[in-house]
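Q: Here's a structure for you.
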């Protein structure tokens with residue numbers, strides 16, 4: 531083995547560096563108004579940065595250091611290159627005259643010792659007009675999943691133009707675009723799955739049109755805009771009077787199902803069977819909870835009369851209140867059971883979510899009379915509407931076998947159903 535070092539001092543080059551890289555200069559400077567501009571916009575750091583800061587991307591996405599840079603508004607690609615302690619940026623279409631540009635440096639750029647920038651920076655400059663001061667801010671929520679959408683791509687295109695200002699929402703789904711020209715904007719929020727900062731087929735999104743003179747706000751409810759019709763996917767008996775219907779996608783809460791949409795027939799004669807209600811799973815839980823509470827109260831009254839003594843518990847068991855729109859064991863449509871929970875929502879997010887009904891894909895149809903045990907029945911659904919507002923005239927039909935026997939008497943301590951107030 532080699533001999534040890536007599537002096538165990540700091541390694542060559544001085545003490546260990548624990549400071550993240552810092553932007554020391556940009557060309558153009560933020561606030562600059564240029565009559566003409568060519569070449570690259572340049573961001574200079576106080577040390578060498580890692581050129582692969584952004585990592586790899588999916589097919590067609592942005593890779594490397596380019597993932598940490600957002601330049602807008604541009605009609606095409608943006609050229610981003612690494613030069614040790616600087617980043618050079620240029621739109622593939624060239625710099626256009628009479629335009630206000632936003633050059634955003636996102637947090638996350640590391641140096642060679644993996645010290646990472648915690649704060650981003652935005653440089654605003656103009657190739658003609660004076661810098662404007664209008665602003666659009668807002669929040670992006672996932673309507674079906676019921677939480678904020680972190681890192682959503684925001685595109686704000688001044689109408690009637692299609693070239694958009696672009697930014698990225700933070701971890702709480704909040705976004706802000708300042709120094710915009712006043713006017714009407716089409717604002718689009720995208721769940722950018724392939725990291726190309728554009729809206730691609732099958733990506734969830736939402737749009738809103740806002741008019742901004744000084745400031746404007748927008749709340750965007752991102753969801754998959756499925757073009758396929760809603761289909762009845764599964765039919766399962768709950769008990770001798772109820773059957774659960776599961777659809778291929780969440781239905782539009784503004785167009786709920788009722789007994790004019792769902793029809794039940796006894797086979798083999800295809801005899802119509804009357805339904806007295808079609809409810810969401812949570813509404814059905816609430817109805818069952820009320821029935822259990824009444825049955826329990828009657829049972830206690832009967833026991834009191836029989837034993838001729840005062841009951842030890844004079845209060846009825848109040849139905850346990852569950853999360854709005856969802857019962858125990860119900861996962862949001864598209865969620866995976868056992869998957870890690872989403873980060874805790876802020877108070878503002880929760881308040882916004884309470885203001886809009888939750889789209890769900892499961893309903894319960896309830897027969898007016900008990901079905902024949904083990905009998906065969908057909909369920910047919912007409913007129914189911916998806917989240918985009920498309921109504922399917924024929925959502926399908928399925929045959930099922932009724933439950934073999936009646937369920938045990940309902941009891942308020944049952945763990946199988948968690949009641950909640952219908953919404």
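Numbering (the working numbering), first residue to last: 531 to 953. We put the beta carbon where it would ideally sit given N, CA and C, even for glycine. None of the values given here were measured: they were computed from a predicted structure.
1. Would you report the Cα separation of residue 756 and residue 817, rounded to the nearest angstrom?
2. Sorted by chain position, which residues of the same chain lie with C-beta nearer than 7 Å to residue 577's C-beta, five sequence neighbours on each side aside?
3. Given this structure, state the Cα-to-Cα distance separating residue 598 from residue 739, to the nearest angstrom.
4. Would you mind working out which of 611, 648, 632 and 725 sits nearest residue 665, comparing C-alpha positions?
5. So residue 733 is in the beta strand (DSSP E); what residue range does that whole segment cover?
6. What first and last residue would you give for the alpha helix (DSSP H) that runs through residue 879?
7. Go to residue 508, then tell me how far its beta strand (DSSP E) extends in each direction, as first and last residue.
8. Going along the chain, which residues of its own chain have a beta-carbon closer than 6 Å to the beta-carbon of residue 753, five neighbours each way excluded?
9. When the Cα atoms are used, what is the spatial distance from residue 658 to residue 559?
10. Look at residue 689 and residue 714 and say whether their C-beta atoms are less than 8 Å apart.
11. Taking 8 Å as the threshold (C-beta atoms), are residue 678 and residue 703 in contact?
12. Would residue 764 be called buried (16 or more neighbouring beta carbons within 10 Å of its own) or exposed?
13. Output the boundary residues of the beta strand (DSSP E) element that contains residue 968.
14. Under the three-state reduction of DSSP, which class applies to residue 821: helix, strand or coil?
15. Would residue 772 be called buried (16 or more neighbouring beta carbons within 10 Å of its own) or exposed?
16. Taking the C-alpha atoms as reference points, what is the distance between residue 886 and residue 549?
17. In angstroms, rounded to a whole number, what distance separates the CA positions of residue 831 and residue 819?
18. Would DSSP call residue 812 helix, strand or coil?
19. Between residue 722 and the rest of its own chain, which residues show a CB-CB distance below 6 Å, the 5 nearest in sequence each way excluded?
20. Tell me which same chain residues have a C-beta within less than 8 Å of the C-beta of residue 581, skipping the five on either side of it?
21. Quick one: measure Cβ to Cβ for residue 888 and residue 783, integer angstroms, because I've assumed they're closer than 8 Å.
22. Which of the three DSSP states is assigned to residue 550 in this structure?
23. Out of 751, 775, 779 and 685, which one is the CA nearest neighbour of residue 794?
24. With the cut-off set at 8 Å, would you say residue 610 and residue 693 are in Cβ contact?
25. DSSP three-state label for residue 706, please.
26. Mind checking who residue 753 pairs with in its DSSP beta bridge?
27. Using the three-state DSSP reduction, which class does residue 672 fall into: helix, strand or coil?
28. Go through the region 587–664 residue by residue and report every complete run of the beta strand (DSSP E) that reaches 3 residues or more, in order.
29. From 910, 932 and 893, pick the residue whose C-alpha is nearest to that of residue 901; which is it?
30. Which word fits residue 744, buried or exposed, when buried means at least 16 other C-beta atoms lie within 10 angstroms of its C-beta?
31. Under 8 Å between the Cβ atoms of residue 787 and residue 929?
32. Should residue 545 be labelled buried (16 or more other beta-carbon atoms within 10 Å of its own) or exposed?
33. State buried or exposed for residue 621, treating a residue as buried only when at least 16 other CB atoms are found within 10 Å of its CB.
34. First and last residue of the beta strand (DSSP E) that includes residue 766?
35. Determine the burial state of residue 701: buried for a count of at least 16 other Cβ atoms within 10 Å of its Cβ, exposed for fewer.
36. How about residue 736 and residue 654: are their beta carbons less than 8 Å apart?
A: According to the data block:
1. 32 Å
2. 551, 615 and 641
3. Across the structure, residue 598 and residue 739 are spaced so that their CA atoms are roughly 28 Å apart.
4. Of 611, 648, 632 and 725, the residue nearest in Cα terms is 632.
5. Where residue 733 is concerned, there is no enclosing beta strand (DSSP E), because DSSP gives it neither an H nor an E.
6. 877–884
7. With the chain covering only 531 through 953, there is no way to say anything about residue 508.
8. 673, 674, 734 and 917
9. 15 Å
10. Their beta carbons are under 8 Å apart, which means residue 689 touches residue 714 by this criterion.
11. yes
12. exposed
13. Shown here, the chain extends from 531 to 953; a query on residue 968 therefore has no answer.
14. helix
15. buried
16. 45 Å
17. 18 Å
18. helix
19. Around residue 722: 683.
20. 594, 595 and 612
21. 7 Å
22. coil
23. When each option's Cα is compared against that of residue 794, the closest is 775.
24. Result no, Cβ atoms of residue 610 and residue 693 do not sit closer than 8 Å.
25. strand
26. 735
27. strand
28. 599–602, 608–612, 616–621, 630–635 and 651–656
29. 932
30. exposed
31. In terms of Cβ geometry, residue 787 and residue 929 do not form a close pair [threshold 8 Å].
32. exposed
33. Burial call: buried.
34. 762–767
35. Looking at its Cβ environment, which holds fewer than 16 other Cβ atoms inside 10 Å, residue 701 is exposed.
36. no
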